[in-house]
Amino acid sequence: MRLMADWLPPEEAQALALSLRVSLWATALSLPFGIFVAHALARWRFPGRGLLNGLVHLPLILPPVVTGYLLLLAFGRRGPVGALLDQWFGITLAFRWTGAVLAAAVMAFPLMVRAIRLAIEAVDPKLEQAASTLGAPRGLVFLTVTLPLILPGVIAGAILAFAKAMGEFGATITFVSNIPGQTQTLPSAIYAFLQVPGGDAPALRLVLISVAVAMLALLLSEWVGRAAARRVAGK
């Protein structure tokens, strides 16, 4: 934070720091679920598989504001989940930075699952079957055979999810509003600066930062994807 404050005004530095914090937490918390769901969709056959696939990808289709409103209905202090979290654990998500983490994770989850699922589908099932015939339990097969092979895909999915979380706006501002220093992320700060006279310069600075982060994430994802392809091909 101190390093960013050296070359950015405090309000802009706060927005950038909060965006990084939200994106890192959103990626880290959703990654285990992303791996599990991707593996289930790639390898398992069960009733409701198509429904699960649709629900996972629904945030990509719905307007982000709709997703944010649904989160507010479910996780707001009067919502069915939000009320339980508040009463039992004292956790409040709506209009808090933790709610921004939830919104970013939900919006980024489909991209993460898609990348990991493609990596799993590229792994020859015979390798997993061979380990199973030697007596290894399913969990151990995944940890020792599948996971090392899909690790580049997992990394690529995490990078894409991080980039998506950094750019998330609609669901976040609907669920947690735009409170400077508390819930104002990079996109929210850009929107706020564009609404006031003289805000073009700080908005442009934050736009350039957003573009740089997004391009870096895409380049990393592309590089990791190529590494994964070479690894699966045995080159």
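In terms of my numbering, the sequence shown is residues 81 to 315.
Virtual Cβ for every residue (Gly too), placed ideally from N, Cα, C.
Check the Cα spacing between Gly233 and each of Ile270, Leu182, Thr263 and Leu191: the tightest is with Leu191. Taking every protein chain shown into account, the CB of Thr213 has fewer than 16 other CB atoms within 10 angstroms, so this residue is exposed.
The C-beta of Pro267 has 16 or more other C-beta atoms within 10 Å across all chains shown, which makes the residue buried. DSSP places Val117 in the uninterrupted alpha helix (DSSP H) bounded by Pro90 to Arg123. Check the Cα spacing between Gly179 and each of Ala292, Ala245 and Gln167: the tightest is with Ala245. Shown here for Arg157: same chain residues with a beta carbon closer than 8 angstroms to its own, the five before and five after excluded, namely Ala163, Asp166, Thr172 and Ala174 in chain order. By the 16-neighbour rule on beta-carbons within 10 angstroms, Phe116 is exposed. The shortest CA-to-CA distance from Gln209 to any of Ser103, Ala202 and Phe222 is the one to Phe222. Residue Ala211 holds the alpha-carbon nearest to the alpha-carbon of Thr226 among Gly237, Ala236, Leu240 and Ala211.
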